[in-house]
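Trainee:
2 protein chains.
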Amino acid sequence: MIQPEVGRLEFASDLRMVRASLVTMTKTASKAIRAATTALLDLDQEAVRMTASLEQELEDDMVEIERRTHHLLARQQPVAGDLRMLVSALKISADCRRMGALANHISTAASRCYPAPAIPDELSEIFRRMDDVASRIADGARITLTTSDALDAARLEIDDDAMDGLLRTLFRALVDNWSHGVEAAVNVALIGRYYERFADHAVGIAQSVIFIETAMRPHVGAPHVG
Amino acid sequence: MIQPEVGRLEFASDLRMVRASLVTMTKTASKAIRAATTALLDLDQEAVRMTASLEQELEDDMVEIERRTHHLLARQQPVAGDLRMLVSALKISADCRRMGALANHISTAASRCYPAPAIPDELSEIFRRMDDVASRIADGARITLTTSDALDAARLEIDDDAMDGLLRTLFRALVDNWSHGVEAAVNVALIGRYYERFADHAVGIAQSVIFIETAMRPHVGAPHVG
Numbered sequence: 034m035i036q037p038e039v040g041r042l043e044f045a046s047d048l049r050m051v052r053a054s055l056v057t058m059t060k061t062a063s064k065a066i067r068a069a070t071t072a073l074l075d076l077d078q079e080a081v082r083m084t085a086s087l088e089q090e091l092e093d094d095m096v097e098i099e100r101r102t103h104h105l106l107a108r109q110q111p112v113a114g115d116l117r118m119l120v121s122a123l124k125i126s127a128d129c130r131r132m133g134a135l136a137n138h139i140s141t142a143a144s145r146c147y148p149a150p151a152i153p154d155e156l157s158e159i160f161r162r163m164d165d166v167a168s169r170i171a172d173g174a175r176i177t178l179t180t181s182d183a184l185d186a187a188r189l190e191i192d193d194d195a196m197d198g199l200l201r202t203l204f205r206a207l208v209d210n211w212s213h214g215v216e217a218a219v220n221v222a223l224i225g226r227y228y229e230r231f232a233d234h235a236v237g238i239a240q241s242v243i244f245i246e247t248a249m250r251p252h253v254g255a256p257h258v259g
Numbered sequence: 034m035i036q037p038e039v040g041r042l043e044f045a046s047d048l049r050m051v052r053a054s055l056v057t058m059t060k061t062a063s064k065a066i067r068a069a070t071t072a073l074l075d076l077d078q079e080a081v082r083m084t085a086s087l088e089q090e091l092e093d094d095m096v097e098i099e100r101r102t103h104h105l106l107a108r109q110q111p112v113a114g115d116l117r118m119l120v121s122a123l124k125i126s127a128d129c130r131r132m133g134a135l136a137n138h139i140s141t142a143a144s145r146c147y148p149a150p151a152i153p154d155e156l157s158e159i160f161r162r163m164d165d166v167a168s169r170i171a172d173g174a175r176i177t178l179t180t181s182d183a184l185d186a187a188r189l190e191i192d193d194d195a196m197d198g199l200l201r202t203l204f205r206a207l208v209d210n211w212s213h214g215v216e217a218a219v220n221v222a223l224i225g226r227y228y229e230r231f232a233d234h235a236v237g238i239a240q241s242v243i244f245i246e247t248a249m250r251p252h253v254g255a256p257h258v259g
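What follows is the structure, given as structure tokens:
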């Protein structure tokens, strides 16, 4: 479809704006998981409020990206990489929004137990490492969005394997001579799973970048037309 | 964009095919949660295999819908309701695929404990009701996809509230004089959450139908252009 040159320039600038908003959202998601971990490990009630506010920010940003993306799809009728970018923007913003919700689940669980800790002290170190890995994957997803480097994206799965390993360690601790009662066990299992799901969504963002750049879906392996 | 009449007829038929595939996927997701519940409550290993196979079917169907949808977006450059339908098809198929994964998490948890039950007998009834509600919401989402009735979609949230109530009942059972050990507690908490997430995704499908029909996102309330 032939467009006037000015329209095309404007569209390129609109696409850059959408991408910039996605970069902002992944940054907000990283902040949210760090705030949630502060709420969990430092019993910091201010961090609980901060996590909730970051989740709200992600919700608002998602709505705005959806609105803008639908508008561009309808008006510009993009093809190829531009189409993949816009369709993926919907998925990436939903991933970020979900990451915010998961971070908020963590800080809410911490808040429910306050002023007692939600998890036993001896497991703090594992949760600290889960936070490190989750933040690193989210940061990696953000960098991948900026560089569009499919190789960077693929590397994030190594960190994702590390997250799976940490979750297995948690579950082993739950069955081996657990002495902290049922409520702490349930907290550890659910919170561990929230970190793991957070990381999965961050890896999903990087996989969307691979799809934008190569038209290939990692894992499922089928090429996409468009 | 003016298209030859024949192309438009073909496109209408393509859109109907996409919608029919989504109806099939929601039906498969309903089957998957029922199979998972059979694996969980009847300790049926055949149901474990069935759930895994239904999850795979959902994965394959999602890949096929993504392929077809991207193709149609690129070739037909749809606007308005057709555009919303295609963009939502990606989200709905991802919801169904995730519902399959959650069902599979349930049956895998059951299988890990086999031949012992994964959950205490006295909680079977609550899980049976969670299965009822989850299946009902998934069936409702499928009907909504067929009828395009936004009111039907809105009604599903009442069932979703019932699911939240059942999950709260489970969590109360975990803190009130729990006598079944830590592993069962962790199973109950995680499996309960899988049912609840399954229902959330089914409600999400119905919300996508509202968006397709009205251009409004329920809950977030912002109108969408396109």
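Residue numbers (this note's numbering), protein chains in the order written: chain A, 34 to 259; chain B, 34 to 259. Ideal Cβ positions, reconstructed from N, Cα and C, are used throughout, including at glycine.
1) Could you list which residues in chain A have their beta carbon closer than 7 angstroms to that of B/Q89, in chain order?
2) Below 8 angstroms on C-beta distance, what does A/L207 contact in chain B?
3) By the criterion of Cβ-Cβ separation under 8 angstroms, what are the contact partners of B/A85 in chain A?
4) B/V166: buried (16+ other C-beta within 10 angstroms of its C-beta) or exposed?
5) Work out the CA separation of B/L223 and B/P111 for me, nearest whole Å.
6) Is the stretch 134-150 of chain A in contact with the stretch 200-211 of chain A, if contact means three or more CB pairs nearer than 8 angstroms?
7) Quick one: any contact between the stretch 187-194 of chain A and the stretch 213-222 of chain A, if contact means 3 or more CB pairs under 8 angstroms?
8) Does any residue of chain A have a CB that is nearer than 7 angstroms to the CB of B/L223?
9) At a CB distance below 9 angstroms, what residues from the stretch 66-83 of chain A approach chain B? Give them in sequence order.
10) Return the CA-CA distance between B/G198 and B/A69, expressed in angstroms with no decimal places.
11) Give me the chain A residues within the contact set of B/R226, using Cβ-Cβ distance strictly less than 9 angstroms, ordered along the chain.
12) Compare the C-alpha of A/V120 against each of B/H104, B/A239, B/L135, B/M132 and name the closest.
13) Using a cut-off of 9 angstroms between C-beta atoms, extract the partners of B/L135 located in chain A.
14) Name, please, each residue of chain A whose Cβ falls closer than 8 angstroms to the Cβ of B/L123.
15) Measure the C-alpha to C-alpha separation of A/A232 and A/T179 and round it to an integer number of angstroms.
16) Thinking just about the alpha-carbon of each residue, which of A/I139, A/L76, A/C129, A/G214 is nearest to the one in A/D172?
17) In chain order, what residues of the same chain have a beta carbon less than 7 angstroms from the beta carbon of B/D115, not counting five sequence neighbours either side?
18) Measure from the alpha carbon of B/I66 to the alpha carbon of each residue in B/V96, B/E246, B/S212, B/A235, then state which is nearest.
19) Which runs of the alpha helix (DSSP H) at least 4 residues long sit entirely within the stretch 67-99 of chain A? Give them in chain order.
20) Three-state secondary structure (DSSP) at B/I152?
21) What distance in whole Å lies between the Cβ atoms of A/I245 and A/M118, which are believed to be in contact at a cut-off of 8 angstroms?
22) Determine the burial state of B/A149: buried for a count of at least 16 other Cβ atoms within 10 Å of its Cβ, exposed for fewer.
23) Assuming the contact rule is C-beta atoms closer than 8 angstroms, B/R175 and B/K60 should be a hit. Round their C-beta distance to whole Å, please.
24) For B/R162, which of B/F44, B/L200, B/A122 has the nearest alpha-carbon?
25) Taking all protein chains shown into account, do 16 or more other C-beta atoms lie within 10 angstroms of the C-beta of B/D94, making it buried, or fewer, making it exposed?
26) May I ask you to report which of helix, strand or coil DSSP gives B/V112?
27) Hey, does B/V253 have any beta-carbon neighbour from chain A nearer than 7 angstroms?
28) Report yes if the C-beta distance between A/T71 and A/A62 is below 7 angstroms; otherwise report no.
29) Let me check understanding here. Comparing Cα to Cα, which of A/D75, A/T177, A/E216 lies closest to A/V56?
30) Taking the beta carbon of A/D75 as the centre, do at least 16 other beta carbons fall within 10 Å, making it buried, or is it exposed?
31) Let me know the alpha helix (DSSP H) ranges lying completely inside the stretch 155-210 of chain B, each 4 residues or longer, listed in chain order.
Mentor: So, to answer that:
1) From the beta-carbon of B/Q89, no residue of chain A is found nearer than 7 angstroms; the closest lies around 11 angstroms away.
2) Ordered by position in chain B, the residues that pass the 8 angstroms Cβ test against A/L207 are V215, E216, V219.
3) For B/A85, there are no neighbours in chain A by C-beta distance under 8 angstroms, as the nearest C-beta there is about 17 angstroms away.
4) When all chains shown are included, B/V166 counts as buried.
5) In a straight line, the C-alpha of B/P111 is about 42 angstroms away from that of B/L223.
6) Here the stretch 134-150 of chain A makes no contact with the stretch 200-211 of chain A; the two share fewer than three CB pairs at distances below 8 angstroms.
7) The stretch 187-194 of chain A vs the stretch 213-222 of chain A: no contact.
8) Taking Cβ atoms only, chain A reaches closer than 7 angstroms to B/L223, which makes this a yes.
9) For the stretch 66-83 of chain A, no residue has a beta-carbon sitting nearer than 9 angstroms to a beta-carbon of chain B.
10) When rounded, the distance between both Cα atoms is 21 angstroms.
11) Contact note: B/R226 reaches chain A through L223, R226, using a C-beta cutoff of 9 angstroms and chain order.
12) B/H104 is the residue among B/H104, B/A239, B/L135, B/M132 whose C-alpha sits nearest the C-alpha of A/V120.
13) The contacting residues do not exist; B/L135 stays about 11 angstroms from chain A at best.
14) The answer, in chain order, is V120, L123, K124.
15) Cα to Cα, A/A232 sits roughly 19 angstroms from A/T179.
16) Per the Cα distances, A/C129.
17) Closer than 7 angstroms at the Cβ level, and outside the excluded window around B/D115, lie L48.
18) The option with the nearest alpha carbon to B/I66 is B/A235.
19) If we require 4 residues or more, the stretch 67-99 of chain A turns out to have no alpha helix (DSSP H) run fully inside it.
20) DSSP places B/I152 in coil when its eight states are reduced to three.
21) Rounded to the nearest angstrom, the Cβ distance from A/M118 to A/I245 is 5 angstroms, consistent with a contact under 8 angstroms.
22) So B/A149 counts as exposed.
23) With a Cβ gap of about 6 angstroms, B/R175 and B/K60 count as contacting.
24) Here the closest residue by C-alpha is B/L200.
25) Around the CB of B/D94, 16 or more other CB atoms lie within 10 Å, so the residue is classed as buried.
26) The answer is coil: DSSP assigns B/V112 none of H, G, I, E or B.
27) Note that B/V253 scores a pLDDT of 44, beneath 50, so its modelled location is shaky and nothing firm can be said.
28) A/T71 is not a Cβ neighbour of A/A62, given a cutoff of 7 angstroms.
29) Of A/D75, A/T177, A/E216, the residue nearest in Cα terms is A/T177.
30) Exposed.
31) If we require 4 residues or more, the alpha helix (DSSP H) runs fully inside the stretch 155-210 of chain B come out as 157-180, 183-208.
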